[in-house]
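Trainee:
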Amino acid sequence: MPPFSEPTFQERTQMAAKAKQAALKKLKAKAPLSPEVIAERKAAQLAREQKQAIAREEKRAAFEQLKAERKAAKEQAKPKLALGLTETEKKAARDERYAKRKKRKSKR
Numbered sequence: 066m067p068p069f070s071e072p073t074f075q076e077r078t079q080m081a082a083k084a085k086q087a088a089l090k091k092l093k094a095k096a097p098l099s100p101e102v103i104a105e106r107k108a109a110q111l112a113r114e115q116k117q118a119i120a121r122e123e124k125r126a127a128f129e130q131l132k133a134e135r136k137a138a139k140e141q142a143k144p145k146l147a148l149g150l151t152e153t154e155k156k157a158a159r160d161e162r163y164a165k166r167k168k169r170k171s172k173r
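For the sequence shown, my numbering gives the first residue as 66, with consecutive numbering after it.
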């Protein structure tokens, strides 16, 4: 049995050139795309991009709405000026803040 011999540099370059030629031949043998197929693919891509743009816009609108709702809730939750409040109103506001804080902490 002959010992295993590694290919020489010239053999490796010849094999690489043959592989390159085979790949080029395979690529050239491929039929070119017809204009109808190209137009169909472009239309499909355009439809896909429009669908994605609509989804992005809906997501952005939902985020803006959520942001506005949070801002409104924050404004509503701001304590009212304590100047004209009676003791019972102050106590009710304090109890409400306490309940909200407990609720937030219990969610963790």
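For each residue, glycine too, the CB sits at the ideal point set by N, CA and C.
Can you give, in chain order, each stretch of the alpha helix (DSSP H) that sits fully within the region 72-146 and has at least 4 residues?
Mentor: 74-94 and 100-142
Trainee: I need the boundaries of the alpha helix (DSSP H) containing Ser171, first residue and last residue.
Mentor: Glu152 to Ser171
Trainee: In angstroms with no decimal places, state the Cα-to-Cα distance between Glu105 and Ala88.
Mentor: 28 Å
Trainee: Could you compute how far the alpha carbon of Gln117 sits from the alpha carbon of Glu134?
Mentor: Their Cα atoms are separated by approximately 26 Å.
Trainee: Note down, in chain order, each residue of its chain lying with its Cβ closer than 8 Å to the Cβ of Thr153, except the 5 sequence neighbours on either side.
Mentor: none
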